Each structure stands twice: as structure tokens, then as C-alpha cells.
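**Q**
In this note's numbering, the protein residues as written are 184 to 1460.
(1) Give me the Cβ distance between residue 1524 and residue 891, rounded to the nearest whole Å; I'm assuming they're in contact under 8 Å.
(2) Roughly how many angstroms separate the alpha carbons of residue 396 and residue 856, rounded to a whole number?
(3) Considering residue 1142, what are the terminal residues of the beta strand (DSSP E) in which it resides?
(4) With distance defined between alpha-carbon atoms, name the residue in 962, 1193, 1069 nearest to residue 1462.
(5) Only counting the same chain, and skipping five residues up and downstream in sequence, which positions put a Cβ closer than 6 Å to that of residue 644?
(6) Suppose contacts are defined by Cβ-Cβ distances below 9 Å. Is residue 1293 in contact with residue 1024 by that definition?
(7) Out of 1053, 1166, 1002, which has the shortest C-alpha to C-alpha gap to residue 674?
(8) So, with DSSP's three-state summary, where would you put residue 977?
(9) Is residue 467 helix, strand or coil by DSSP?
(10) Does the separation of the CB atoms of residue 1129 and residue 1097 fall below 9 Å?
(11) In angstroms, rounded to a whole number, what distance separates the CA positions of residue 948 and residue 1358?
(12) Per DSSP, residue 1164 forms a beta bridge with which residues?
(13) Report the residue ranges of all beta strand (DSSP E) runs contained in full by the segment 1046-1120; include only those spanning at least 3 residues, in chain order.
(14) Closer than 8 Å by C-beta to residue 1256: which residues in its own chain qualify, once you throw out the five before and the five after it? Chain order, please.
(15) By a C-beta neighbour count over all protein chains shown, 10 Å radius and 16 as the cutoff for buried, is residue 460 buried or exposed?
(16) Return the CA-CA distance between residue 668 and residue 659, expressed in angstroms with no decimal places.
(17) In the DSSP assignment, the beta strand (DSSP E) including residue 621 goes from what residue to what residue?
(18) Give the single residue among 599, 561, 546, 560 whose Cα lies nearest to the Cα of residue 577.
(19) Across the segment 642-656 and the segment 421-436, are there enough close Cβ pairs to call them in contact, namely three or more that are closer than 8 Å?
(20) Pull up the distance between the alpha-carbon of residue 762 and that of residue 326, whole angstroms please.
(21) At a cut-off of 8 Å, is residue 1244 close to the ligand ADP when judged by its beta-carbon and the heavy atoms of the ligand?
(22) My output table needs one value for residue 1387: the three-state DSSP class, helix, strand or coil.
(23) Could you tell me whether the segment 1372-1391 touches the segment 1419-1430, using the rule of 3 or more Cβ pairs below 8 Å?
(24) Please list the segments of the beta strand (DSSP E) lying wholly inside the segment 771-843, counting only runs of 3 or more residues, in order along the chain.
(25) DSSP beta-bridge partners for residue 144?
(26) Residue 1166 to residue 1122, Cα distance in whole Å?
(27) Grab the span of the alpha helix (DSSP H) containing residue 597 for me, first residue to last.
(28) Using CA atoms only, rank isn't needed, just tell me which of 468, 1262, 1151 is closest to residue 1272.
(29) Name the DSSP beta bridge partners of residue 607, please?
(30) Suppose contacts are defined by Cβ-Cβ distances below 9 Å. Is residue 887 in contact with residue 957 by that definition?
(31) Report, in whole angstroms, the separation of the C-beta atoms of residue 480 and residue 521, which I expect to be a contact under 8 Å.
(32) Measure the Cβ-Cβ separation of residue 1036 and residue 1230 and say whether it is below 9 Å.
(33) Are there 16 or more other CB atoms within 10 angstroms of the CB of residue 463, so buried, or fewer, so exposed?
(34) Which whole-angstrom value is the C-beta distance of residue 893 and residue 941, which I expect to be below 8 Å?
(35) Spell out the partners DSSP gives residue 565 in its beta bridges.
(36) Among 917, 936, 914, 525, which one has its Cα closest to the Cα of residue 924?
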């Protein structure tokens, strides 16, 4: 480099001094650019925005260079470009649009627009437009998802696993966090360049734009200051930034899970079909199944068996994989045949006596009954009516089937029947003649048909839906005949014979409804009316008709049908109000962003290059020294740099200490809450979630957002000062001076900091990236899970059981026995809900305290309480203790066989002998070679029988507390005229007490025994009662009356199987008839016999022997307490996830360690130690607001850097200018200008003999401390 001794004028410092040397530049392309005005600029230059409000750049006077400066310019022109312009002022970053004539080396000229086209990357209209489009996309997506979710019970099917919960909470939060990070670049550049926008487009007000540094302000201050300065771009961008942060807080609560049922096609198999016709023999076959099942359903709250409802019977079906049915969670739907029954009745319109034939004691009557819609009357013959001397009247009841009469009101597909009742009294004039007192009659036609129905089977209580416009296929079966032959003989069976006693449907309906029939009921005049008769026949048809279709018309069959299965699935749903809030916020963001694009798009494109970097400021101040002269005092700004001791707010010791303590408390709190969550099964009980979930999703996200914002602020501060810190530590090239760490994206800034070995920036940027996911991570920190809770309580017993004293076994007791018999017959077929406080053959006391529990919650109660159970004691009777005899007789070509069972024993007095014989039929055994017998017999082992036969008159002894049964069964062979196998067992039954664990659940507002989790008795602890209870007397069970239902096996080999044992045989039980001839089945038969009796006795004791504690003990205070466990199975608890907690604690731990490292480094630095590896010494590195134009002018005032810049450098690309100045290095620190021996704290060019580097601030301070006074040193620092 040549050495010259000329002089030049520094336009930055406004001083003239000797030129030291020229630094050679790298050559660029030989292109000559000449500034020249265009004659018609309106045709070649884009129209500028309205310039009326723009500040007019002052003209600078021409500058006279000395020879040495001319030589420097000459060197530059030969290695770069030569510029000619009609503008005599130097080239400006903020110049107006001009036209350039570009002259190439070959002499061609091209007219080019010289307007600056550079603008901040994130403030370009295209970028902002992309944000607007993305905001619009998110708004539309949320609106569409909300609409779809509301109309389709959610968005789509998901698995409600912990992973999916994380995805749908973490995902939206992560997306919005990323969007917020990207928008932060827009906010950063808006705050960074807004002073330059204001400087370009309007006259600064008192230099406010020059001194503004939004980057050094807190967010609320930025918003307020920007509005005050009318810098609305900054205001609007800051508002959108706040909106996005609110969206991040709301995002974790956007989605939730909902459970719905959706149909799916499935192949089903029907198991049966219905007969379309029945012959008269089948119709008149006795079968009481429908009657007893109807009574059991009515009296014991039983659910209907599969295949029938209260209105119709339908085909049963199941899936192709076996006979499996649907479940509550996944019901099966099929369209099958249904049997419908109905009666169409005509009511009596009039009646008259057409003829009377009085006799000596009786009278014959001829009566005409008139029905509407019939061609003529129905004539009835009343034979031998006798006057009742007590009541002075005659009652008459008749049921006549197959009453054919031309009645257009009846379709007569099935023969109608007549039900008629009347009361006659003697006439006033002749007591031998009768007149009608009252009468009622109905002429009814039963109807039965098949039609398609839709059945939804949930495995518990199937639901039937009637389909519209379905064909009706008639069933040729007389439903009324089926009803008639379903009524047991003991319950009011009727026939076609007239009777003067109340008979028929009126009486049967009373018994069926649980009313005790009294002989005086026939005197009730209300029953002799059309209404009473009509209601009775209709009620019977509606109650028993569907069950008759179920039992009598059904036959086995198999067919394939296509059905559907409701599958219970979890779907992702949108929370409405959270979504609406987010839509509103996004709409506001769209409006603000759109306004910003159109309002400020022209104001961000006015420069040739980036003016904010230190290099851009050098170019600007070189070309515009008048800014420092006219708008602010550079000396004052320079003094701020010289005396700077400023530390960014977030990097101060007290701020680090406060945040470290906050993070430590947060970390400790998370650890404590995790331990509490694990030990207590959750943190809190959540009754109804609703929008309460925002509390444990958005609130933790807000707390984590605070941590993330502080770490981001620290990273902001480090990156903001990173370039200055590197300049203060070592020499930097032009490319480093022309870069800004703060304006780089996170990953790029991290890469740059590693390359430049700015480890503090590397550490802070790494933490910022990690904490960027902290908000999303914390959104899945808490979740609601169902965790049962157990509570030990004590329940007071409300009832006890006591002996029935002086209470006769009347008709009411017999009716209760009949109801129990109905329950006993079909209890294994239907879904039985046992009467309250009973289960199968166990009966329990009632507990008053269960009424205080909330039945609306999913509570289960487990009580350990003694239960009552019948205990059998059996022994086999030796064969030598009884005698069997046989006989047979033939009648009408049929041979009937009988057997007799005989026992005899002397009475206790020895004066008499008890001889008991019981005969039972064996049927036409010769037709089948064998038959079966099973029954109960009177026995000498029955104490009550001995007392009666021996006339012992033991009146003080209660024979009901111990009941005796003698069971006999066997297989008879015609060939041997004897039983191939015969067994006799005598059994005594008494009440016993057994400790039982009872599980109860809430149902219909009260607690009942859980049928899915039945009681578990401890049979090893079975013990006799201290106070015995009475049992149903065995004498009441003979003849099919009382505890045992009337059933017919309809098998001629089973004539000898009586009602007492018929319940064990198919189809009523599970045993084949051959079991009574199998010695291996003895134990099973006895067990089933015991169970039937114990079951009936328990159900009777539940109503007949239960007494209140107060009545028996006289008080309830503290009496009969039982321990119980109440389990809340629906308790929804807020649970803290351990894995997420460990990750969050790890992040917080890393943050705390970094802050502790920085604070220790600060303390050691105050003691004279150097900065540690990961801690940047930022104290005094730059004053507050150092990025303002005025502050940068103060820093660069007196620098020699402008003398080393090529002319018109703003027109060169970064690559070109960096190439030309590749051998120039810069440094931040103290420099000494040699010609006047003044010191300057600035960014200067190294290796300049006229401007020598003295060192960094700390080095100079140490040097001056030894030679100067503290006052002098303070002037530098």
C-alpha cells in the first residue's frame, strides 16, 4: 500500500485530518453507472407514494477533496464502478426515486429505476399476505370443524389412549407456538425498522424517531409508545402477537373426546321362526308358562326374556360367531318377524228376555243379546236358574267360544268368543219370573299377525321399533284359546260351562293383578258391566298375548339375516366456546394483518440495503452527517457510550435471582404435586368437566408461557448484544458487521453462534428452543382419569327377621306363595331383578344409612352382613324301611301302571301304628318299556305328620320352624315290573345364618344388590339361628297350590313326575327325565330340590317375616351396626403425568443451572475474574436504547470506518461490498486519533496508523487507573 501525506475531511466527525493510507479493494465487474435525469420520468419511473407528508432531504453542499482523497477515489473507481449523477449530494439510503443510465463496457445503455427496492424480509407484502392466508385458513378450518363436530358427534374416530390425548392437546399448542415464533419475526422487524420508516416518510418530530428503540422496551411500553408516536404498524403487529399468545393458552382445551355409537353391517343368524297356523289340538294343550312368566314380570320387576316385550314377541338372533348377543356398549340391530296380538271387541248394546219357563225350584230363560254391527241378536239359553235366598237374586256367567254370527264389525278370520255376565231378580208381580238387574257382555275376535320389526339388542333389555308400512301376515291361531289353556287350574281356569259363580277373565285378571279373590266379589254390581268385562279380556290379552306368542308359536329354525352392530367408539370433538373464542381472535388477527398489508406496503420499500446493522449505520451516517448536526447532539449520545454501565433488565442479578427462585418453586411444586397425585390417586376430584378443563390445560400453559417468555427475553438480550460482544473481543470482518444475530431465525442464530464461538448465545438459544416446546408440553401435564375411592363407614341395620306369631296362613299368604311360584318357574330364563334386599336364596336386612348416599353418583357399597338361608339336612331312607307295590289295569285298550309307596311305624306311645301309603302313576309304561317317577310323599319322618296321626296334641310345638320333605324318584321297567333304580331321601329344612359380602349399586334412586357382582356367602361359617323362623308349611304345596306352580311336561313317560319335581325337568329345568334313573345324578337332583325350596322360602321371608328394629328391640340407637365400604367408581380425578413432569422438571433444572452459573460468574467478575465460558459480560457493553439511530450515531461519531467505505456502497450487493472490503477488520473499543491525541469509544477499522486501537473497556480502565485520576477514568467509562 502506498503511503501518502495528504489530508481528508471526515464527514462523520466534521474534522479535517491527514489521510493515512488507502486499503486496496477487490475488483468487481467493469460496469459504468452514470446518473442522468430522464426527460420523461413519468413514463419510466414508477409513481411514488404521496410525498406531501414526507420529510424533504436537505441538500448537502459540494465537498472539496484534497489530492490525497482524490487519489483514493481514483483507486476505488478503477476497482469498482464510476457513478455520475445530476444529484450533487452523496448517495443516500433514503434518496427519492431517480433514473439511472447504466453504461456497460461495450457501450450499451440501459435505463434503470434507481428507487431502493430492499425491504425487511418479514415485512414484505407477500410474507404478510401469507400470514393473512394462514390466519384465514385456521379460521375457516376451526369453523368447518366446529360445524362438522356439532352435526356428526365429533370429527373422527380416535383411540382415547394417553398418546392420543397428548397428540390432540400438544398438537394445536405446538402449531400455534410455531406460528407465534414466526410472527415474532414480524414483530421484531416492525419494531426494529419503524424509526427508519418514520424517518423516511415524514418529518421527525423533535428527533423522536431518531431516539426510538422499541427493542429495548417491554411489550406494554411498546404498545403505548407506538400508539403515542402514531407508529400503528408496531401497534397492530404487537396486538396480533398478544392474540397468538392467548391462542396458545386456549389451544390445549380446543379438543375433547366423546363416546358415540355408530352402526356397522354384520351377519346375523335367527334361531327360530313363528308358526303361521295351529291346529285345535295344539291350541288346547295345557301350558302355564306364559301365565307364570307374566306374573313374575309383574310382581318382581323382572325384565322380559329375550324374544318378547310387553307388546310383541320377535325372532331371537345372534351373531354368526356362536349365539353371542349385543352388549350395552355395542348393541346389535336386526329387522325380524314380530308376532302381534290384539282383540277387536263389540260391546253389548241391549238385552232382553224373550222367553221364561218357570219350574218348581228353577226357571229356564231365553235371552237375546244385541251387539252393534251384527245382523241379529245372539240368543242365550239359561237353564235351571235358582234364586239365591240370601241375596234374592240370580247370577250368571258364561264364556262361549266359536260364536259364529254375521257381524260386519268383525272380520271373523278367527272365530269370536262371547263373555257374558248378568244378574237377575224376580219381578215385582210374579216371583217365579225374572228380570234383568244388570248385565254386561263383549263379543270379541282375537287377531294375530306377523310383521317386520326392528330389534336393538343390548344384551339386557332389547328395544323394539315398529316399522311403518309393513305387510301384515295373518297367523291362523286362536289366541284366546291359548290364553284360556295358559291359566292354571288353581288360579281361576274356566271352561264353556255356565256358572252362577264369578269365573272367567274378570276373576283371573284380579288374581293376575295380585288381588285376593273373595266369594263376595260376585255381588259387586260394577263387575256386571261392559266396561269391566272389556277391560278384563283386553288386559289379559295385552299381558299374556305376547308371552303366548313367545312360548307357543315359536319353533326352532335357522336363517341368515343382515343386521348392524352399534359399535361404541371414541370421537374427537370440538369444545364449542373455546373454538368460537379462537375463531373470533383469528378473525381479529386477519383484519389487523390485512390492514397492515395494504396500509404499510409502500412504506417498507424505500432502501437499497439494510440500514439497521452496524455496517448499514456507517453508510447512512457517512452519507447523512447532517442528521447528527441538526436533530440531536452526538456528544450527548457519545457520552452515554463512554459512561455506559447498563445491563439489560432480564440479565440483571436480581432478575435472574427472582426468576431462578420462581423456577425452583415451580420445579419443587411439580415434584410435590406429582407425589401427591401418586399417593392420593390424583390431585382433585372433578365432578363435571365442562369448560373446567381449561383450568388444568390453559393455566399451566400460561405459567409455562411465562417461563418461556423470560428465557426468550434473555436470549433476545444476548443475541441483541452478540455482535457488539464479538466486536469487543476480537476483530470482525465486514460480513460480521453487516449481520444481526437478533434478526436471524432460531436455528440459524444457533448455527451462527457456534461458528463464531459465542457460547452464551449458543446456550441461551438452545434453552429458548427447548422452552419453546415447554408450553405445548405442559398442556398435557394434567389429565382426568376415573380412579375409584374407598371409604369405610358404618351402616345401621333397619330391619330384622322374626317368627310369625298368631298369624294365619290365609289367602293373602297363599297369593304371595303363588307369586313366588311364578318367579320360581322362569327365574333362570329372564333377566331377573330380585326383590329388594334379596338375592336368589339369600335374604338380607335393610340398612337405613344407605338412604343418605347420593344415588346419582357411580357408587358401590360393600357390606359384610349376616344373611338368612335355608339349611337342608338330608339322609337316604334305607330300602328295608319302606315297601313298594305295583298294579295296572286296562281300559279302552290302554294299560295304566301304578306304584304304591308304604311306610309304617309305631307311635311314640306304642298304642297305635302309623301306616302311610302314597300311590303315584306310572302311565302307559308298556308303550315305552319304561317310565319315570319323581315326587314327594307323606312320611313317618315328618314330626307334624306323627303328631297328627298319633293324636299327640303337641299344641305348644311350632312345626313351621322345621319343615320335612321326603323325596322319591326312580326309573320303572315294564319288563321287570319293578324299578330299575329307586331312591328315597328325607330332608329337614331350617333357617340358618351366614356371613355374606353384599355388593350394592344405585338404581332408580336407591341401592340394590348388584346382579353382576352377586353376594358371596361364607358357607364354611353357616350356623343355625338363635331365634328360629317359620318356613312355608309343606302341607300347602300339595296339588300344585302354594309354593309350586302348575306345570305339565306333556310327555307320557313323565306322568309320574309331579309338580314338586317337574321344575327340574326340561323344558322348565336343566335335567333330562332320564336323570331320575341315573344314580350319578342324585347329588345334583338333591341340590336343585334344596335350591328351589330355599329360594321360595327366602322370597316369602322377605315380606312375611321382616320387622323393623324399633318394633323388635324398642330402640335403634347404636343397635346392629355393620361395617361397609363405599366405593366411588365414577370419581374423576385430576392426575399428573409422571413422564411429562420429569421432562418439565429437567427443563426447569437446566434453566436454573444456567442462571446459577451466570450469577456466580457475575459475582466472580466483580472480584476481578474474567467471564466464564457460558456467561457473556454484557454490563456496560451498550447503553439502553442503543439501537436507535441517534445512539448508533453517537457510537460511530469519531470512527475512521467511513473513510474506508467505497463510494455509493449502498448500490452494491452484499457479496460485492463484502468482497471489496474483505481485508478490512473492525473492532469495538477505545481508539486514539493520532493527529489530535483524542480517545474515542467506537467501532473502528484496525491497522490504521492514524487511528490506533487501545483496547477494550476493561483493559483501558485498568490502564488508566494506574496513571489517571478516577475523574478522568469516569469520563471514558
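A virtual CB, placed ideally from N, CA and C, is assigned to each residue, including glycine. Keep in mind that this is a model prediction, so the values were computed, not measured.
**A** From the atom records:
(1) Summary: the structure shown does not reach residue 1524, with the chain confined to residues 184 through 1460, and so no result is reported for it.
(2) For residue 396 and residue 856, the distance between alpha carbons rounds to 43 Å.
(3) First-last for residue 1142: undefined, no H or E at that position.
(4) Here the chain has residues from 184 to 1460 only, and residue 1462 is not among them.
(5) Counting only Cβ-Cβ distances below 6 Å, and skipping sequence neighbours, we find 486.
(6) no
(7) Distances from the alpha-carbon of residue 674 to those of 1053, 1166, 1002 put 1002 closest.
(8) strand
(9) coil
(10) yes
(11) 13 Å
(12) 1154
(13) 1066-1074, 1077-1089, 1096-1106, 1113-1119
(14) 1115, 1232, 1234, 1236, 1237, 1240, 1248, 1249
(15) exposed
(16) 17 Å
(17) 617-640
(18) 546
(19) no
(20) 8 Å
(21) The ligand ADP is not among the ligands present in this structure, which contains no ligands whatsoever.
(22) helix
(23) yes
(24) none
(25) With the chain represented from 184 up to 1460, any question about residue 144 goes unanswered, as that position is not in the structure.
(26) Residue 1166 and residue 1122 have their C-alpha atoms roughly 14 Å apart.
(27) Careful: residue 597 lies outside any alpha helix (DSSP H) and carries neither H nor E.
(28) 1151
(29) 577, 619
(30) yes
(31) With 8 Å as the limit, residue 480 and residue 521 do not qualify as a contact, their Cβ atoms being about 18 Å apart.
(32) no
(33) exposed
(34) Between residue 941 and residue 893 the Cβ distance is about 20 Å, and since that is not below 8 Å, they are no contact.
(35) 548
(36) With distances taken between Cα atoms, residue 924 lies closest to 936.
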